[in-house]
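The listed protein sequences derive, respectively, from chains L and H.
Counting from 25, one number per residue, gives the positions in the first sequence under our numbering.
Counting from 1015, one number per residue, gives the positions in the second sequence under our numbering.
Backbone N, C-alpha and C define an ideal beta-carbon position, used for all residues, glycine too.
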Amino acid sequence: MGMITKISFRNLIRQKRRNILLGTGIALSMCLFIVSCSFVNGISDNLLNNVIVYMTGHISITAQEKMGDSTVDIIRDKDKLIQFAMENIEGINEVWEDVNTLARCLGNGKATTMALVGMWEDEGLKDYFDVITGNINDIFLTDERYTPILIYNTTAEDLNVELNDIIKAKITNIYGVIDNRNFKVAAIAKADNVFMSFASFVEINALKEFMGYKEYETGTIDIILEKVENPYSVIQKADLFHELLLPESAGINASFSINDSTASGNLFGLKLNEENQSIIMQTFSLTPEQYNEFSNNERSILINEQMARDLNINSGERIYFEYKTKFTEGSFSDYLIVKGIFTANSDKNGLENNIVFAHEDVFNKHYFSNLPEQTAVFNIEHELFPVLVKEWEILERSENSDESRIKHQKLNRTDWNGTILDIQTMYEFPMADGVLKLAGALNIISFIAVFILFSIILIGVINSIRMSIRERTREIGTNRAIGMLKGDVKAVFVFEVLFLTVFACIAGIILAFILMGALGSIVFDVEDNPISMLLINDQIYFFPTAFSIFISFILILLIALVIAYFPSGKAAKMKIADALRHYE
Amino acid sequence: MRSFRKKIFTTIILLLILITTQIQALPSIAELLAAIDEQEELGSDLTAKSIITQQRVDQGVKVMESIYYRRDSDDAFLIVMTAPDSDKGDGYLRVGDNMWLYLRDTRTFQHMNRNERIGGSNVSAGDMESKKYAELYEAALDLNGNEIITETTIGDAEIPVYCFEIKATDSDVKYPKQVIWVTREDHLVLKVDSYSLSDTLMETSYYKNYTEIEGRYIPLWMMFIDRFEDGNKTLVELTGISLLPIPDDVFTKPYLENLSR
């Protein structure tokens, strides 16, 4: 083998001009392939990890709450979900609240629509902005008359405002109510690209109040992971988190009273639909008429026998309940109407003596808007558990933006009440999904283009091998005559092409990095141009990966070896006598 | 002297009677809201052609024409755009809790939620739902606990109206405070000022050219003036109104698709 290698290497040097030309062609193919892959990787990496991740997070938790006809995007107890995420997802870099809304804004004689984004006080976030004028720290100062705002220079032009000018904003809050507020320009920053300049930034609690959120509520929870190169790892973590987010029953530990009698108990909500009717009727021994009476009155409750005796209450009477709320001082109270009394028997029907069941409408209305300080938990194994109102229901995971869209459309067509959670990765948002598809398409296009180019070059390689064989026919005959095997002859030519390709690829890789360095140092003046969102600091961003370089290298090497194999085989099969007689 | 005192006393009595009479003449706001709701409930189907002229400071004037079908019994409606050419054939269909947007170019239906806007206007899908004032609002009270209602006139014709203020009792409203001017005689709404949560005037609506059709009064001319962004306004004019029953198959997707062709 050592001799074969030496012969191959020597033959390579013998045909310098031809091999240098061939090698240059192979090196250029390799260079173009790496540069195009790195360019595409750079676009997707920039958009995904520098733009979109700040809009959606790697993993996001959203919630919709529906009571009657109104649907609100709201997470009522944000700290609970944030804590759960921190405990169960590995590799979290940050978790933050995503609160934003569209606003129609009036400046000095000009108007525009922009996104108001909630910002919290964070040193890293402050470094993100290239402040031209004003002080970013002023965003977090409180002002009774005006709320401070940070805008981009392009927005300042659109609204014809300067530092300390007033911007009037009109929004529709999360409950669909129109509201307006005056903002004072506290800082103006330079927009890196036209895409970013659509947003303006307000202290998050001020924006939450404007939108109708309480301090403990939020819109979306975004989870940022440590730098991610492989989308699959994010999806895996999201899938795992989704499986862990099993809801418990929504229950309230409350006190019930009528006249001077009081009893404490656990209140749960019954989901009333066709599917659950038979379980409810069977568990509580209700006739169809009794069930209808219960379901037709949104203030209905079913109370257990023991409690009915303790409170001396009968069916049809009004009972008051009260409980301490988790986030507000004091307690919440309302009345319900007893529509049925059931026997609680922990041995027979597994129900305890302190349990009360309410119509889902009144339960949902009170529970989600006034979360209880003391919750009650229902046995998950009990047959009644599926028909109870839960802390939340959770949507199935979707694989891409199309599935996500279909999932939500389906949800809109169903009749549901309560709270529904959705766990999504950034790749399910149309923008990120689009970026991945674009990157995939660009990769395919660049691969095809380079492959075509390389195929043209391979014609040269084939021609070169054939010429080499022709020129060295007598040499092959001589080598065969003195004992070289057919396999060895083949190997000489194959190794020759192998060495040529390897050296050319290495040269191509070096050339690619030089070219990327040169192209990446050019500064483009693309202000106000959508292209600017593909650049970083107005420069092209190349992101070569070891994987793509390795794949390119192996691919070109394999193609070259295959090309070299067949003519080499032909050369090896030549008869010794014919080869020795060959005359050029 | 005695006759002078008698005159003063009589005058005071007469004045008291006059004032009491005037106070008693003012209806309660709840009654007015109930009257408005009753007036707006057609109790039958409605077909009309509408011309919407939208003026926006940054976009100029856009005129949209459509055919509008409405069925009060189940709050269903169907709108098909007939102008401009760019929107012609597009439509909106609401049945039950579902609302769809139909795009003629792609021949597809998209499900809309209540907050999505219709035709790029300020009207959202939720606005198209029939709502009763009496269920959503109640009388606003002044510092003395009295309802805020006065008798006044409106316009150059000095039409006698009641002007009263209401506040939302339900969170499912766009404007938590409204001031309404209704005619004293027929309780027809002539003007509405709508205020934001921060008590800023955001929109003024005018209604005129009421036409009586089968005992119902329908305004043929409506103007919505944006008070937040000066210069923006929307004019809605109705023509060809009919209260004849509309076949059930009108409020279906196939009908909308056929109509849009």
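Distance CB(residue i)-CB(residue j) smaller than 8 Å
i, j, result
"Asn388 of chain L", "Gly442 of chain L", "yes"
"Ile587 of chain L", "Ile472 of chain L", "no"
"Val75 of chain L", "Thr242 of chain L", "no"
"Thr136 of chain L", "Met235 of chain L", "no"
"Met138 of chain L", "Thr178 of chain L", "no"
"Val474 of chain L", "Ser32 of chain L", "no"
"Ile1043 of chain H", "Glu1161 of chain H", "yes"
"Val209 of chain L", "Asn184 of chain L", "no"
"Ile85 of chain L", "Ile259 of chain L", "no"
"Val1264 of chain H", "Leu1060 of chain H", "no"
"Ala211 of chain L", "Leu174 of chain L", "yes"
"Gly1245 of chain H", "Val1077 of chain H", "no"
"Ile248 of chain L", "Val77 of chain L", "yes"
Reduced DSSP secondary structure (H/G/I, E/B, other) of residue i
i, result
"Gly243 of chain L", "coil"
"Glu186 of chain L", "coil"
"Gly1245 of chain H", "coil"
"Lys192 of chain L", "strand"
"Phe523 of chain L", "helix"
"Gly115 of chain L", "coil"
"Thr1120 of chain H", "coil"
"His1201 of chain H", "coil"
"Asp103 of chain L", "helix"
"Glu384 of chain L", "helix"
"Ile612 of chain L", "The structure shown does not extend to residue 612 of chain L, since chain L spans only 25 to 608, so no value can be given for it."
"Ser1185 of chain H", "coil"
"Arg333 of chain L", "helix"
"Ser1261 of chain H", "According to the sequence provided, residue 1261 of chain H is Pro. The question's Ser does not apply to it. Three-state result, Pro1261 of chain H: coil."
"Gly374 of chain L", "coil"
"Gln398 of chain L", "coil"
"Ala603 of chain L", "helix"
"His406 of chain L", "coil"
"Ile1180 of chain H", "strand"
"Pro312 of chain L", "helix"
"Leu52 of chain L", "helix"
"Met508 of chain L", "coil"
"Arg1286 of chain H", "Nothing in the structure corresponds to residue 1286 of chain H, since chain H is present only between 1015 and 1275."
"Lys1145 of chain H", "coil"
"Met305 of chain L", "helix"
"Asn565 of chain L", "For the record, residue 565 of chain L in the displayed sequence is Tyr; it is not Asn. DSSP places Tyr565 of chain L in coil when its eight states are reduced to three."
"Ala1062 of chain H", "strand"
"Phe351 of chain L", "coil"
Whole-number beta carbon distance between residue j and residue i, since they are thought to touch under 8 Å
i, j, result
"Pro271 of chain L", "Tyr451 of chain L", "About 25 Å; that fails the 8 Å criterion."
"Met143 of chain L", "Ile228 of chain L", "6 Å"
"Asp1184 of chain H", "Glu1149 of chain H", "7 Å"
"Ala584 of chain L", "Val521 of chain L", "5 Å"
"Val386 of chain L", "Glu322 of chain L", "5 Å"
"Tyr1147 of chain H", "Leu1270 of chain H", "Tyr1147 of chain H to Leu1270 of chain H, Cβ: 30 Å. No contact."
"Ala262 of chain L", "Ile447 of chain L", "6 Å"
Opposing strand residues paired with residue i [DSSP bridges]
i, result
"Ser324 of chain L", "L:Ile361"
"Gln39 of chain L", "Answer is none; Gln39 of chain L lacks a bridge partner."
"Gly133 of chain L", "According to DSSP, which records beta bridges pairwise, Gly133 of chain L is partnered with nothing at all."
"Thr171 of chain L", "L:Phe207"
"Ser422 of chain L", "Note: Ser422 of chain L sits in no beta bridge, so no partner."
"Gln448 of chain L", "L:Ser84"
"Pro1233 of chain H", "H:Tyr1224"
"Gly1105 of chain H", "H:Val1094, H:Tyr1116"
"Ala223 of chain L", "L:Ala139"
"Gly484 of chain L", "In DSSP, Gly484 of chain L forms no bridge with anything."
"Gln1069 of chain H", "H:Val1075, H:Lys1247"
"Arg342 of chain L", "L:Ile361"
Test: residue i CB closer than 8 Å to a CB of chain C
i, result
"Arg205 of chain L", "Of the chains in the structure shown, none is chain C; the protein chains are L and H."
With three or more beta-carbon pairs closer than 8 Å as the criterion, would you say the region 1044–1059 of chain H touches the region 1188–1206 of chain H?
yes
Under 8 Å: do the region 194–211 of chain L and the region 1184–1199 of chain H share three or more Cβ pairs, one atom per stretch?
yes
Do the region 165–173 of chain L and the region 1216–1230 of chain H make contact, defined as three or more Cβ pairs closer than 8 Å?
no
Report yes or no: do three or more beta-carbon pairs, one from the region 488–503 of chain L and one from the region 54–61 of chain L, lie closer than 8 Å?
no
Taking three-plus beta-carbon pairs below 8 Å as touching, is the region 299–306 of chain L in contact with the region 275–291 of chain L?
no
Under 8 Å: do the region 277–296 of chain L and the region 427–439 of chain L share three or more Cβ pairs, one atom per stretch?
no
Meets three-Cβ-pair contact criterion under 8 Å: the region 42–57 of chain L and the region 566–586 of chain L:
yes
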